[in-house]
């Protein structure tokens, strides 16, 4: 049996699952870029109960919107026009 790595072309389950798995990675990378953080800083700030500035909170919300919008745009690929 041949093992395939990554999403399988024309396999809706594989493609969607791969996109969802990559979503958290994409979100983290974009937050790090927008806020000027390293990966350890991202995870340290994630554990804080308080400590994010209002500007950081706003930027994180914007990144969240962008990431969710990008995944929402790709969903039409998997739907029939009449669904």
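In our numbering, the protein residues as written are 8 to 90.
Don't be surprised by glycine CBs; every beta carbon is placed ideally from N, CA and C.
Owing to the predicted nature of the structure, the values given are computational and were not obtained by experimental measurement.
- Assigned with DSSP and collapsed to three states, residue 57 falls in coil, not helix or strand.
- Straight across, the Cα-Cα distance linking residue 59 with residue 45 is about 15 Å.
- Counting only runs of 3+ residues, no beta strand (DSSP E) is found wholly inside the region 32-79.
- Between the region 64-83 and the region 23-31 there are three or more inter-stretch CB-CB distances shorter than 8 Å, so the stretches are counted as touching.
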